[in-house]
Amino acid sequence: MDHLLLNGKKFYYEEIANYSFRNSIPLNGYEVTTLEFCRNWLNGVQEIAINTSGSTGAPKLITLTRRQMEISARYTLQALHLQENDHALVCINTEYIGGIMMLVRGLIGNLHLTILEPIGNPFRYLPPNGPEQYEFGSFVPLQLQAILTESPEKKYLLDQMKGMLVGGAPLSADLNKQIQEIAAPVYHTYGMTETASHVALKKLNGSQPDRYFRATPTVQLAQDNRGCLTITGELTNKQLITTNDLVNLVSEHEFEWLGRVDNTINSGGIKIQAEKVEVYLAQVLAELQIDRRSFITAVPDEKLGQRVIALLEGAKLTTDQEKEIKRQLKHLLHKFEVPKAFQYAKAFCTTGSGKIDKTTTLANLL
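For the sequence shown, full-length UniProt numbering assigns the number 1 to the initial residue and increments by one for each residue that follows.
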């Protein structure tokens with residue numbers, strides 16, 4: 001490939017490498033950031049500093065080697081059976097590892113890259129000079145949900161793909177259900193900046209969906225004394241990465257993700273995993289046709305130590321609606337897991353990569 005499309009503008013790799021277009025084409029900040037990464041890559045830069053998203057703590061700067069990123073890119077190209085001249089849609093943020101690795105996969109695999117600034121529904125602004133079919137795409141759950149809900153007439157673009165990635169945040173029960181109607185394979189990703197994007201994939205649909213995340217053979221998985229996943233191998237530059245993710249390690253390459261250890265709530269001596277409650281809460285909200293984002297947190301309680309509460313985005317629900325949500329959750333969860341109260345935020349804060357920023361959202365309520 002000799003060029004890419006960025007917001008509908010064509011840029012040739014030769015001019016990107018030389019930055020010869022810089023004074024002739026007006027660029028916004030996102031376009032400059034994207035092209036500067038491509039320029040560095042095309043010029044053979046061996047180490048690249050990348051900011052973490054900050055969704056689970058303060059953002060920090062991580063340095064990855066070119067070799068790590070090449071290994072990660074080839075893993076994905078092989079797993080999704082992508083070939084030279086396939087078309088890839090890049091619509092997640094290229095300032096973070098998920099979007100950056102989409103660029104690397106395109107450059108390594110000689111794919112046609114169509115790059116859009118990240119918005120809720122990327123299918124709303126596909127460039128008229130872009131391809132009629134994409135073989136590969138990557139989305140955050142909010143984007144995939146928006147495409148399926150707001151642009152059902154363009155679902156064929158998803159169906160025609162060889163495969164797509166969805167990650168960066170948990171998937172709601174409603175989205176999981178909609179994914180079953182997509183003809184192309186949809187893979188949930190597990191990874192982080194330190195591992196150059198995902199180290200494991202979980203197929204969500206088709207006749208034989210995966211029950212567990214399956215890691216690339218190039219990494220070794222284990223658990224620490226907390227039950228949290230550890231990762232080492234070529235993707236980590238042989239460094240041991242200790243995560244805060246509680247897992248059930250099924251085999252040396254398969255695991256079930258249970259949730260973040262720092263999202264474990266101790267209520268009355270019973271350990272409650274917030275992510276588990278969030279899945280069922282989202283399911284009940286969808287069944288009641290209450291279109292709200294939500295998450296689970298805890299507040300201090302003199303008797304229980306911590307009390308589980310649900311935080312919903314938007315205006316306060318009626319007392320009857322709250323009672324019905326609790327009633328349905330009691331059939332799905334242990335009584336200690338059912339939220340004891342509901343709180344509301346006018347709008348959830350999000351990170352640059354599109355994830356809900358729970359820490360900032362909660363801080364703004366104080």
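No residue lacks a Cβ here, since even glycine has one placed at the ideal position from N, Cα and C.
Taking residue 196 and residue 235 to be in contact with their CB atoms under 8 Å, please state how far apart those CB atoms are, rounded to whole angstroms.
6 Å
Delimiting residues of the beta strand (DSSP E) encompassing residue 186
186 to 192
Does DSSP put residue 227 in a helix, a strand or coil?
coil
Rounded to whole angstroms, what is the Cα-Cα separation between residue 183 and residue 38?
32 Å
Report the residue from 51, 301, 107, 91 whose alpha carbon sits nearest the alpha carbon of residue 44.
107
In terms of residues, what are the limits of the alpha helix (DSSP H) holding residue 368?
Past the edges of the chain, shown from 1 to 366, lies residue 368, and the structure says nothing about it.
Cα-Cα separation between residue 330 and residue 318, rounded to whole angstroms:
19 Å
For residue 69, which residues of its own chain have a beta-carbon under 6 Å away from its beta-carbon, when the five flanking residues on both sides are left out?
104, 196
Using only CA atoms, which one of 297, 362, 287 lies nearest to residue 422?
This structure leaves residue 422 out entirely; the chain is present only between 1 and 366.
Taking residue 215 as the reference, which of 238, 249, 18 has the closest Cα?
249
Give the single residue among 77, 176, 277, 129 whose Cα lies nearest to the Cα of residue 4.
129
Contact check, residue 92 vs residue 139, beta carbons under 8 Å:
yes
Rounded straight-line distance, which links the Cα of residue 198 to that of residue 62
15 Å
For a test of the three-state rule: what should DSSP assign to residue 293, helix, strand or coil?
coil
State buried or exposed for residue 267, treating a residue as buried only when at least 16 other CB atoms are found within 10 Å of its CB.
buried
For residue 164, which three-state DSSP category applies?
strand
Tell me residue 12's beta-bridge partners as DSSP assigns them.
3
Nonlocal neighbours in the same chain, by C-beta distance under 7 Å from residue 373, ignoring five residues either side
Since the first and last residues shown for the chain are 1 and 366, residue 373 lies out of range.
If you follow the beta strand (DSSP E) that residue 344 is in, where does it begin and where does it stop?
341 to 345
Hey, would you say residue 200 sits closer than 8 Å to residue 137, going by beta carbons?
no
Stretch pair the segment 141 to 149 + the segment 294 to 304: three plus CB contacts closer than 8 Å
no
The segment 12 to 20 contacting the segment 72 to 82, beta-carbon criterion three pairs below 8 Å
no
Does residue 68 come out as helix, strand or coil in the three-state DSSP assignment?
helix
I'd like the ranges of any alpha helix (DSSP H) spanning at least 4 consecutive residues and lying wholly in the segment 278 to 336.
319 to 330
Mapping DSSP to helix, strand and coil, what is residue 83?
coil
Residue(s) in a DSSP beta bridge with residue 51
61
I'd like the list of long-range same chain contacts for residue 354, defined as Cβ closer than 8 Å, with 5 residues on each side in sequence excluded.
92, 93, 118, 140, 142, 143, 168, 169
Using the Cα positions of residue 97 and residue 109, report the straight-line distance between them to the nearest angstrom.
18 Å
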